[in-house]
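Counting from 23, one number per residue, gives the positions in the sequence shown under the numbering used here. Virtual Cβ for every residue (Gly too), placed ideally from N, Cα, C.
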Amino acid sequence: MQMYLYIHDAILREVAELETKARELNREDAEEIAALAERMTWFHTMVKQHEHAEEEILFPAMNARHEFVAETYQFDHDDFEAHVFDGIDEAFAGLGRAEGNGERKAAGRLLYRQNVALHEHMRLHISKENELLVPKLLEEFDVSEQAEIAGGMAGLFDPPLMAQTVGWMYRGQNAEDRAGMVAFLEAILPEEAFTGISNMLAGID
Ligand SMILES: [Fe+2]
Ligand SMILES: [Fe+2]
23 MQMYLYIHDA ILREVAELET KARELNREDA EEIAALAERM TWFHTMVKQH
73 EHAEEEILFP AMNARHEFVA ETYQFDHDDF EAHVFDGIDE AFAGLGRAEG
123 NGERKAAGRL LYRQNVALHE HMRLHISKEN ELLVPKLLEE FDVSEQAEIA
173 GGMAGLFDPP LMAQTVGWMY RGQNAEDRAG MVAFLEAILP EEAFTGISNM
223 LAGID
C-alpha cells in the first residue's frame, strides 16, 4: 500500500504549497492568477480521480469486512466539493470579474480562506485514511490482496492523468520514495508504458 501513502504525501505537500501561493498571490497579476487557477484545477481533477479510486476499490473492499467504513470517508469527499472546491471556483471567478480594489481584495481573501480550509480538510481526511484505515487494511488483507487493491486503484487513472500524477509526485519526493514509486510502477505497468514513464521521469531533476 506504499503507493497509497505516496499519493497522500503528495496531496499534503501540494495543499500546503497552495495555501502559501494563495496567501502571497498578487491580485493585480492576471498571469499569476491564471497560473494558480490552472494548478488548482488540475489538482482538483487529480484529487477527484484519487477519491473515485478509493470509492470504487478500496472502500468497498473494506466495507465487505467492516460495514459503514465507506460512508464516513465518502462523506468527506462530498463535503470537500460543496464547502471547499466550490468556494475556490467562486474566488477565481470573483478575481476574474472584479472591478476595483475592494472587489479584488474580497475575492483574494476568499481564495486564501478556501485554501486554508482545503489544507486543513485534507490534513484531517488524509490523517484518518493513513492512521485509521491503512492499519486496518494491513490487518485485514494479505500482501497479494493489498497488491490487487493498489493495482486496481492505480488502474482507474487513465494513462495521461497517470503520467501527469506520477511526474507531479516524483518532483516532490525524496530519493527513497522515488525509488519505491518506480518499483511499484514497474510491477503494475506493461513494459512499454513503464518505459514511457521512466523516460519522462528521467527529465525531472
Ligand atoms: Fe479519501
Ligand atoms: Fe485518500
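- Fewer than three beta-carbon pairs drawn from the stretch 180 to 200 and the stretch 87 to 106 are found closer than 8 Å, and the two stretches are therefore not classed as touching.
- Note that the C-beta distance between residue 118 and residue 128 is not below 9 Å.
- For residue 28, the distance from the CB to the nearest heavy atom of ligand 1 is not below 8 Å.
- The shortest CA-to-CA distance from residue 224 to any of 161, 192, 206 is the one to 192.
- Spatial neighbours of residue 85 in its own chain (CB-CB distance under 7 Å, excluding positions within 5 residues in sequence) are listed in chain order as 91, 92.
- Taking the Cα positions, residue 41 is about 38 Å away from residue 164.
- Taking the Cα positions, residue 74 is about 27 Å away from residue 132.
- Per DSSP, the unbroken alpha helix (DSSP H) holding residue 130 starts and ends at 123 to 150.
- When secondary structure is reduced to three states using DSSP, residue 48 falls in the coil class, being assigned neither helix nor strand.
- The beta carbon of residue 174 is closer than 7 Å to those of 79 in its chain, skipping five residues each way along the sequence.
- In the assembly as shown, residue 221 is an exposed residue. Its beta-carbon has fewer than 16 other beta-carbons within 10 Å.
- Of the candidates 219, 212, 169, the residue whose Cα lies closest to the Cα of residue 83 is 169.
- Annotation for residue 77: no alpha helix (DSSP H) segment contains it, and DSSP assigns it neither H nor E.
- Look at residue 143: its beta carbon is at least 8 Å from all of the heavy atoms in ligand 2.
- These are the residues, in chain order, with a beta carbon less than 6 Å from any non-hydrogen atom of ligand 1: 73, 76, 95, 99, 147, 151.
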